[in-house]
Each structure stands twice: as structure tokens, then as C-alpha cells.
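Protein chains: 2
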Amino acid sequence: MVTIKDVAKRAGVSVMTVSRVINGSKNVKESTREKVLKAIEELGYVPNSVARSLILKKTLTIGLVISDITNPFFTTIARGVEDTAISKHFTVILCNTDENPEKEMMYAEVLAKSKVDGVIYASASGKKTPLKSLFLKNIPIVLIDRTIEGVNDLDIVRGDSVLGAYLLTKHLIDLGHRRIGIIVGSHFISTARDRVEGYKKALNEANIPIDESLIKINKNSKFSKDDGYRLTKELLDLENPPTAIFGGNNLMAVGALLAIRERGLEIPDDISLVSFDDIESLSEVYPFLTVVKQPAYTMGVIATELLIRRIEDKDRIKEKREILLTPELIIRKSTAPPKRKI
Amino acid sequence: MVTIKDVAKRAGVSVMTVSRVINGSKNVKESTREKVLKAIEELGYVPNSVARSLILKKTLTIGLVISDITNPFFTTIARGVEDTAISKHFTVILCNTDENPEKEMMYAEVLAKSKVDGVIYASASGKKTPLKSLFLKNIPIVLIDRTIEGVNDLDIVRGDSVLGAYLLTKHLIDLGHRRIGIIVGSHFISTARDRVEGYKKALNEANIPIDESLIKINKNSKFSKDDGYRLTKELLDLENPPTAIFGGNNLMAVGALLAIRERGLEIPDDISLVSFDDIESLSEVYPFLTVVKQPAYTMGVIATELLIRRIEDKDRIKEKREILLTPELIIRKSTAPPKRKI
DNA sequence: CTGAAAGCGCTAACAC
DNA sequence: GTGTTAGCGCTTTCAG
Numbered sequence: 003m004v005t006i007k008d009v010a011k012r013a014g015v016s017v018m019t020v021s022r023v024i025n026g027s028k029n030v031k032e033s034t035r036e037k038v039l040k041a042i043e044e045l046g047y048v049p050n051s052v053a054r055s056l057i058l059k060k061t062l063t064i065g066l067v068i069s070d071i072t073n074p075f076f077t078t079i080a081r082g083v084e085d086t087a088i089s090k091h092f093t094v095i096l097c098n099t100d101e102n103p104e105k106e107m108m109y110a111e112v113l114a115k116s117k118v119d120g121v122i123y124a125s126a127s128g129k130k131t132p133l134k135s136l137f138l139k140n141i142p143i144v145l146i147d148r149t150i151e152g153v154n155d156l157d158i159v160r161g162d163s164v165l166g167a168y169l170l171t172k173h174l175i176d177l178g179h180r181r182i183g184i185i186v187g188s189h190f191i192s193t194a195r196d197r198v199e200g201y202k203k204a205l206n207e208a209n210i211p212i213d214e215s216l217i218k219i220n221k222n223s224k225f226s227k228d229d230g231y232r233l234t235k236e237l238l239d240l241e242n243p244p245t246a247i248f249g250g251n252n253l254m255a256v257g258a259l260l261a262i263r264e265r266g267l268e269i270p271d272d273i274s275l276v277s278f279d280d281i282e283s284l285s286e287v288y289p290f291l292t293v294v295k296q297p298a299y300t301m302g303v304i305a306t307e308l309l310i311r312r313i314e315d316k317d318r319i320k321e322k323r324e325i326l327l328t329p330e331l332i333i334r335k336s337t338a339p340p341k342r343k344i
Numbered sequence: 003m004v005t006i007k008d009v010a011k012r013a014g015v016s017v018m019t020v021s022r023v024i025n026g027s028k029n030v031k032e033s034t035r036e037k038v039l040k041a042i043e044e045l046g047y048v049p050n051s052v053a054r055s056l057i058l059k060k061t062l063t064i065g066l067v068i069s070d071i072t073n074p075f076f077t078t079i080a081r082g083v084e085d086t087a088i089s090k091h092f093t094v095i096l097c098n099t100d101e102n103p104e105k106e107m108m109y110a111e112v113l114a115k116s117k118v119d120g121v122i123y124a125s126a127s128g129k130k131t132p133l134k135s136l137f138l139k140n141i142p143i144v145l146i147d148r149t150i151e152g153v154n155d156l157d158i159v160r161g162d163s164v165l166g167a168y169l170l171t172k173h174l175i176d177l178g179h180r181r182i183g184i185i186v187g188s189h190f191i192s193t194a195r196d197r198v199e200g201y202k203k204a205l206n207e208a209n210i211p212i213d214e215s216l217i218k219i220n221k222n223s224k225f226s227k228d229d230g231y232r233l234t235k236e237l238l239d240l241e242n243p244p245t246a247i248f249g250g251n252n253l254m255a256v257g258a259l260l261a262i263r264e265r266g267l268e269i270p271d272d273i274s275l276v277s278f279d280d281i282e283s284l285s286e287v288y289p290f291l292t293v294v295k296q297p298a299y300t301m302g303v304i305a306t307e308l309l310i311r312r313i314e315d316k317d318r319i320k321e322k323r324e325i326l327l328t329p330e331l332i333i334r335k336s337t338a339p340p341k342r343k344i
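Order-wise, the sequence lines are chains A and B.
Positions 3 to 344 (our numbering) are the ones given, in order, by the first sequence.
Positions 3 to 344 (our numbering) are the ones given, in order, by the second sequence.
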């Protein structure tokens with residue numbers, strides 16, 4: 003391995019001068035700079051960021067913890083994060099927890115040990131335990147999408163799930179639905195709770211009594227397609243099944259759709275379906291699902307900007323910032339008035 | 003920041019003993035170990051991987067360079083890579099080059115400087131220049147999906163694009179099409195060239211003369227939706243337009259679909275459409291597009307396994323390995339016999 | 001079983 | 001403009 007020493011020797015200067023050239027210091031004679039550059043070129047020297055980080059105590063790296071790399075919602079966030087990070091010369095380490103608290107724990111530790119300068123964090127567990135090692139290292143954290151129980155002092159960027167769920171439910175109610183089923187992921191996750199809250203709010207406002215059997219919020223289920231599929235079947239098996247189903251996120255809605263089709267039911271003729279979060283690659287080609295759409299890319303951008311600001315001047319802004327982004331209702335073809343029971 | 007020294011002081015032992023405890027060495031008296039563990043706990047000590055990497059000359063990190071994080075094909079690869087890497091205690095740095103050679107260059111340099119232990123690489127430029135800094139550092143590389151001009155000594159895992167394109171084209175020919183347009187990304191990219199090759203092979207076999215005006219392989223265009231859209235319009239504007247269009251990848255096929263619809267044409271009645279690579283989230287809900295599907299997850303897994311094997315015993319296996327995965331033709335609803343010209 | 005010394009590749013702080 | 005010294009947090013000898 004060729005080090006700064008080798009370059010110095012070859013160029014006939016001290017390592018310090020080489021360091022200056024690498025880091026673009028002004029105080030180097032042009033002829034010296036050229037000598038050094040030539041040596042670097044000849045030797046094929048590449049500076050070692052690890053050594054540099056050890057001294058500087060910064061790695062120019064941020065961790066991005068998301069819960070499902072398969073979900074376009076998170077992928078889009080990742081893109082926003084990455085684009086923004088690059089523009090500020092940061093590299094991002096992507097950590098996919100797969101909605102698995104154990105993986106989440108492991109990744110938090112890896113990031114703490116790796117001495118990333120900061121992390122953007124979508125919790126899979128809803129718990130603060132995994133954050134412990136990050137806190138210990140005093141690593142700046144920006145929460146994204148999901149809040150964490152008992153954590154109130156961290157910046158957070160998220161969509162307004164209560165409002166989004168309210169809009170979706172209200173749309174269904176306006177269409178005439180009164181029995182609306184909702185399926186959401188783990189109740190440990192804030193977005194799951196918020197969406198149920200928005201759902202209830204809309205029902206209450208319309209004086210529709212809340213039927214808990216229509217609310218499928220499972221202890222251990224994830225926000226996955228399979229869960230959506232399974233929970234929808236449970237809903238359809240009810241004695242008095244719903245006339246509309248609210249998918250707690252895009253993946254669950256797809257699962258719901260599959261379950262509904264499997265039963266030979268038509269959407270929206272037999273049953274309506276709405277989804278929290280869009281799937282652009284789907285809707286573009288097949289504009290079918292009525293959804294509430296969150297500005298995922300923007301979320302990634304804002305979270306990264308907040309984080310980097312924290313990294314670069316850790317002390318100045320003390321107060322926590324909460325950015326709430328407004329979702330947008332997009333009405334397509336999966337919703338219609340319920341069949342009138344004659 | 004609490005370091006190994008602080009722990010040593012607190013536990014009343016030397017740093018070496020702490021190091022032994024951290025790394026699970028056997029040669030530590032049980033009572034000493036407990037003292038050290040207690041000190042670690044009390045101080046909230048987290049080992050510094052940066053310092054460790056500097057000595058060990060390995061980071062337990064691999065870089066994954068992909069060209070489009072928006073494309074489910076690459077996302078699925080990423081998942082395969084990540085799952086495999088984790089299971090071997092490696093962390094992955096995801097680099098999204100966005101099909102942009104400049105970003106590619108930048109990322110290659112970042113990875114070289116970061117001293118990742120290896121990289122999995124889908125080239126955006128098709129050139130070997132960006133790899134230079136990686137080569138200089140002697141970092142093991144496994145190519146994925148795309149070959150690189152003039153690079154013949156690197157392991158590679160890729161799908162058989164020639165075969166896939168051949169199958170897709172043959173399917174169209176079997177249906178009765180004779181004027182088949184093809185749109186692919188930059189001809190600098192091996193998969194673009196291979197797909198055109200497979201296309202030509204099928205035509206030749208059927209004794210259909212090749213009409214270069216039906217082959218849209220642009221110098222600077224990417225494999226993007228917008229390019230698919232634009233190139234399809236060019237195809238439709240031809241004096242004697244094609245009766246079927248071959249989308250060079252999933253994104254281009256979507257662009258093609260949008261362009262076709264915009265012209266008020268019906269698929270497959272007016273024109274057939276096929277795609278290289280599936281979009282699962284789309285096809286699951288709307289099984290419409292006839293595609294050739296590659297085992298993306300498997301590609302990620304295999305590439306990572308190869309890479310880690312290289313990392314862990316750099317010398318033993320000298321010869322390059324090439325893994326060619328077979329794509330699968332999935333016939334759905336976007337293809338039909340051409341309208342007979344009366 | 002435990003510790004002291006040396007040093008990984010680099011930069012900060014100060015000389016000259 | 002350039003070089004010297006010291007040291008980042010850790011592990012590797014090698015003693016004891």
C-alpha cells in the first residue's frame with residue numbers, strides 16, 4: 003500500500019507538504035505542488051480516509067436507516083437523502099432493517115462504531131433502545147417518517163398521517179360507506195397509530211360508531227403485503243364485512259387487493275379500496291388505486307439538510323425541529339359508492 | 003468521547019486487557035473480564051471502528067455501485083447484496099450513480115479512499131476509467147449486470163441479455179410481427195448492446211431483414227422512462243412504424259407505454275409491447291406487460307458471495323469467474339398478433 | 001493471564 | 001513555504 007510517506011519520499015518533500023497539496027492548501031509553491039502531484043500520479047497514491055477520520059473525528063458519512071428497501075416510499079426517501087448528502091460531500095450508508103427490531107439494533111451499533119457523523123432514522127421497533135449506542139456517542143439523529151416512544155428531543159421529518167388517514171376515510175364516507183375496514187402494521191409504529199386516529203376522527207365527525215372488529219392493527223405484524231393479504235381476509239370473513247378497506251400503507255393495500263380478487267370480488271363495484279402511500283410505478287401505468295401520497299423525496303431532502311446542519315454546528319440551534327409534511331389525496335378508480343342493500 | 007483508555011483506567015487494568023475483552027479473547031480471568039465489562043457499561047463505551055480499521059487494514063465494509071436506485075431491478079439486487087453481506091458481518095455502502103459517469107467517478111474515488119474491503123459494481127459508463135482508483139488500491143471488485151470494455155479479469159455476475167432479448171423478439175415474431183422496434187439505453191452499456199444482439203439474432207433466424215431505423219440505441223440516452231417515451235415517439239413517427247416495440251428495460255418500457263397511450267393507440271390491439279425486466283409491484287396488481295425477468299435478488303446474493311470469498315482469501319482462486327443467469331420469459335397481455343393489413 | 005512499547009496513515013500546532 | 005513533533009484510538013508484538 004502506498005502511503006503519504008512514500009509520496010513524500012518520492013517527491014523529496016515532507017509528508018506535511020504532501021498533506022497540504024492533497025487538501026488544497028494555498029501555502030505551497032507551485033513548483034513543489036507539481037512535484038508532489040507528479041509523485042502521487044506515478045505512485046498511484048489514494049489518500050486513506052480512515053486515517054484522516056481518526057484525527058479529524060469526522061467521517062463525512064451519514065447512516066440512513068429505513069425499514070423496507072422494497073417499498074418505493076422508502077426508496078424515494080433514500081434518493082432524496084443521497085442526492086442531498088452528495089451535494090454536501092457526504093456519503094451515505096444505507097441500512098435496511100426489514101421492519102426487524104433485531105436488525106435495527108445491529109445496525110444502530112454498526113453505525114455508532116463506524117463513527118458516522120449523523121443518522122437519519124426510520125424506526126422499525128418504535129422503541130428508543132436501539133438508539134442507545136448512538137446517543138452514547140452523541141451522534142446527531144434526525145427521525146424520519148416515524149416518531150419514537152419517549153423521544154422528544156430529536157428533529158423529525160414526517161408526513162401528517164392523521165390528516166392523510168382522515169382525508170382517505172372522509173372520502174370513503176362521502177361516497178356513502180359506513181362500514182370501513184382498516185388494516186395497519188404494528189401498533190408500535192407511530193404511523194400505524196396515527197392512521198387509525200385519523201380514521202377514527204373521520205368516523206366520529208360523521209357520527210359513525212366505531213366498530214373495533216373493523217380495525218386490524220396487529221401486535222406483531224409488519225406493514226407488508228402478506229400482512230395486508232391476511233388481515234383483509236379476516237375482514238372479509240366477518241359476519242358483516244366492510245364495504246371499503248383502508249390499506250395502512252402501499253404494500254398492505256396491494257395485499258388487500260390480492261385478497262379481494264382472490265375472493266372474486268370486484269373493486270370498486272363490490273368493495274372500495276384506498277391506500278396510504280402511492281406506488282408510482284404502478285399508478286403511472288395503471289391509475290387505479292385511490293391514495294394519499296406523501297412527498298417522500300422531499301422528506302429525504304429536508305431530513306438530510308437538517309441533519310447536516312446539526313452536524314456542522316452542533317451547538318447553535320438547541321430546540322428540536324419538527325417538520326410535518328402534508329399528504330395529498332389522489333382519487334382514482336378503486337373507490338365508488340357502496341352497493342345499496344335492497 | 004470515551005476511549006479504551008478511559009475504560010482501562012476505570013477498570014484498573016491496561017488498555018490491552020480491555021482490548022482483549024472487547025474482542026472476546028479467551029486469555030482473560032473471569033473476574034477481570036467482569037470488571038472491564040462493568041466499566042464499559044458504566045462509561046457507555048463504544049469501540050471505534052475507525053481506529054480499528056486503521057490497524058487491521060480492513061473495514062468490514064463493501065461498496066455497492068448501482069446505476070438507478072429507482073429501478074426495482076437494482077433495488078432487488080441491493081436487497082440480495084445487503085442480506086448476504088450482513089450475514090457475513092459486512093456493512094454495505096450504497097452508491098447510486100444515476101447512470102451518470104461523473105457520479106460514478108466520484109463514487110469510485112470515495113470508495114477507494116474509504117478503504118472498503120471490496121465493491122460490487124454496475125457500471126454507468128461502461129468504461130474502466132472510474133475503476134482506476136479502485137485498482138490502484140487493489141480492492142477486489144465483482145462486476146454485476148454489466149460488463150466493462152477492456153476489463154476481462156474481474157468476476158462478473160450477470161443475466162443473459164442476448165438470450166433474454168432473443169426470447170422476447172422470437173415471441174413477437176412467432177406472433178406474426180415483422181416490424182419490431184427496439185429502444186435501448188446508451189450503447190456504452192453492455193446490456194444495451196447485448197439486447198440488440200439478441201434481437202438481431204432472432205430476426206436473422208426468421209429471415210427478417212434488419213431495418214436500422216427500428217433500432218433506437220442512443221449515444222447519450224440512459225435507460226430511463228423519459229428516454230423510452232422519447233424514443234418510442236420517434237418510432238411511432240416513422241413512415242412505416244413498427245407493430246411491436248421492445249423496451250430495453252423496465253423503465254423504458256413504461257415510457258414506451260405512456261407514449262403509445264398518448265397517441266391513442268391500444269396495446270396489444272394496435273401495437274404490442276414487451277419489456278426486458280419486470281416491475282413486480284406493477285405486474286402483481288396489473289399482470290399486463292409481457293416481459294423477460296431476471297433473478298435480481300439471486301444476482302445480488304451471488305455477487306456478494308463471490309466478493310467476500312475474494313476478500314477473505316485474495317490469493318487462492320486466481321481465475322476470473324463469470325456467472326451467467328438465465329432470464330425467464332413471462333407472457334402476459336401486452337402482446338398479440340399484429341393487425342392484418344388488408 | 002496481563003502490560004509496555006511501537007506504530008497504523010494522517011493532520012494540528014508550531015517552528016524555521 | 002516547508003518541516004518537526006506529537007498524537008488520534010486502537011492492536012500487535014513481545015515481556016513478564
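Beta carbons are placed, not taken as given, at the ideal position from N, Cα and C, and that holds for glycine.
Quick check: what's the CA-CA separation for Glu321 (chain B) versus Leu138 (chain B)? When rounded, the distance between both Cα atoms is 20 Å.
I'd like to know if Thr300 (chain A) contacts chain B, where contact means its C-beta is closer than 8 Å to some C-beta of that chain. No, Thr300 (chain A) does not count as interfacial toward chain B.
Can a CB atom of chain B be found closer than 8 Å to the CB of Leu138 (chain A)? Yes, contact with chain B.
First through last residue of the alpha helix (DSSP H) which encompasses Lys203 (chain A): Per DSSP, Lys203 (chain A) belongs to the alpha helix (DSSP H) from 192-207.
Would you say the segment 324-335 of chain B touches the segment 106-121 of chain B, given that touching needs at least three Cβ pairs under 8 Å? By the Cβ rule, the segment 324-335 of chain B does not count as touching the segment 106-121 of chain B, because fewer than three pairs are nearer than 8 Å.
Establish whether the CB of Glu44 (chain A) and some CB of chain B are separated by less than 8 Å. With 8 Å as the cut-off, Glu44 (chain A) does not count as an interface residue toward chain B.
Under the three-state reduction of DSSP, which class applies to Leu275 (chain A): helix, strand or coil? Residue state, collapsed to three classes: strand.
Label Ile344 (chain B) either buried or exposed according to how many other C-beta atoms from any shown protein chain fall within 10 Å of its C-beta, with 16 as the threshold for buried. With a pLDDT of 47 at Ile344 (chain B), under the threshold of 50, the modelled position of that residue is not reliable, and no figure is offered here.
Beta bridge counterpart(s) of Leu96 (chain A) as assigned by DSSP: For Leu96 (chain A), the beta-bridge partners assigned by DSSP are A:Leu66.
Under a CB-based cut-off of 8 Å, is Val164 (chain B) close to chain A? Taking Cβ atoms only, chain A never reaches closer than 8 Å to Val164 (chain B), which makes this a no.
Where do the N-terminal and C-terminal ends of the alpha helix (DSSP H) with Glu264 (chain B) fall, by residue? From DSSP, the alpha helix (DSSP H) with Glu264 (chain B) extends over 252-264.
Contact list for Thr61 (chain A) against chain B, beta-carbon separation under 8 Å: Result: Val52.
Is any beta-carbon of chain A found at less than 8 Å from that of Ile344 (chain B)? Residue placement at Ile344 (chain B) is flagged as unreliable, the pLDDT there being 47, under the threshold of 50; a coordinate-derived value is accordingly withheld.
Taking all protein chains shown into account, decide if Leu156 (chain A) is buried (16 or more other Cβ within 10 angstroms of its Cβ) or exposed. Its Cβ being crowded by 16 or more others within 10 Å, Leu156 (chain A) is buried.
If you measure between the beta carbons of Ala255 (chain B) and Ile273 (chain B), is that distance less than 8 Å? A distance of 8 Å or more separates the beta carbons of Ala255 (chain B) and Ile273 (chain B).
Might you give, ordered along the chain, the residues of its own chain that have their beta carbon closer than 6 Å to the beta carbon of Ala13 (chain B), omitting 5 neighbours on each side? Within the same chain, and ignoring the five residues on either side of Ala13 (chain B) in sequence, the residues whose Cβ sits closer than 6 Å to its Cβ are Lys37, Val38, Ala41.
List the endpoints of the continuous alpha helix (DSSP H) containing Leu169 (chain A). Note, Leu169 (chain A): alpha helix (DSSP H), 163-177.
Could you say if the segment 59-66 of chain A and the segment 20-35 of chain A meet the contact criterion of at least three C-beta pairs nearer than 8 Å? Contact fails: fewer than three Cβ-Cβ distances are below 8 Å.
Test: Arg195 (chain B) CB closer than 8 Å to a CB of chain A: Not one beta carbon of chain A lies nearer than 8 Å to the beta carbon of Arg195 (chain B).
Under 8 Å by beta carbon: chain B residues contacting Arg345 (chain A): The question about residue 345 (chain A) has no answer, for chain A in this structure spans 3 to 344.
Counting only beta-carbon separations shorter than 8 Å, does Ile210 (chain A) have a partner in chain B? Interface residue (Cβ-Cβ distance to chain B less than 8 Å): Ile210 (chain A) is not classified as such.
Quick one: does the C-beta of Asn209 (chain B) sit closer than 7 Å to a heavy atom of the ligand SAH? Looking for the ligand SAH in the displayed structure turns up nothing, as the structure carries no ligands at all.
Under the three-state DSSP convention, the category Ile344 (chain A) falls into: Here the model assigns Ile344 (chain A) a pLDDT of 47, short of 50, so the residue's position is not dependable, and the following value carries that caveat. The answer is coil: DSSP assigns Ile344 (chain A) none of H, G, I, E or B.
Cβ separation of Leu177 (chain B) and Thr328 (chain B), assumed to be a contact under 8 Å, to the nearest whole Å: Contact annotation, Leu177 (chain B) with Thr328 (chain B): C-beta distance approximately 22 Å; criterion of less than 8 Å not satisfied.
Roughly how many angstroms lie between the CA atoms of Asn154 (chain A) and Thr306 (chain A), to the nearest whole one? If you take the alpha carbons of Asn154 (chain A) and Thr306 (chain A), they lie about 19 Å apart.
Identify, in the order they occur along the chain, each residue of the same chain with its Cβ nearer than 7 Å to the Cβ of Lys260 (chain B), setting aside the five sequence neighbours on each side. Reading the sequence as shown, one finds Leu at residue 260 (chain B) and not Lys. Short of 7 Å from the beta carbon of Leu260 (chain B), and not among the five residues preceding or following it, lie these beta carbons of its own chain, in chain order: Tyr231.
From A:Asn73, A:Ile6, A:Asn50, pick the residue whose C-alpha is nearest to that of Ser283 (chain B); which is it? Out of A:Asn73, A:Ile6, A:Asn50, A:Asn73 has the C-alpha closest to the C-alpha of Ser283 (chain B).
Specify whether the segment 285-301 of chain B and the segment 76-93 of chain B touch according to this definition: at least 3 beta carbon pairs, one from each stretch, less than 8 Å apart. The answer is yes - the segment 76-93 of chain B touches the segment 285-301 of chain B, with three or more Cβ pairs under 8 Å.
For chain A, is any of its Cβ atoms less than 8 Å away from the one on Tyr231 (chain B)? Not one chain A Cβ lies under 8 Å of Tyr231 (chain B).
What does Ile273 (chain A) reach in chain B if we use C-beta pairs closer than 7 Å? Within 7 Å Cβ-Cβ: nothing; Ile273 (chain A) doesn't reach chain B, min ~15 Å.
Kindly indicate the opening and closing residues of the beta strand (DSSP E) around Gly183 (chain A). Its beta strand (DSSP E) spans residues 182-186.
Put Tyr123 (chain A) into one of helix, strand or coil per three-state DSSP. Note: Tyr123 (chain A) maps to strand in three-state DSSP.
Beta-carbon neighbours of Val48 (chain A), restricted to chain B and to distances below 7 Å: What Val48 (chain A) touches in chain B, judged by beta-carbon distance under 7 Å, is Ala114, Lys115, Ser135, Leu138, Lys139, going in chain order.
Return yes when the Cβ of Phe92 (chain B) is within less than 8 Å of the Cβ of Ile310 (chain B), no when it is not. Taking 8 Å as the Cβ cut-off, Ile310 (chain B) and Phe92 (chain B) qualify as a contacting pair.
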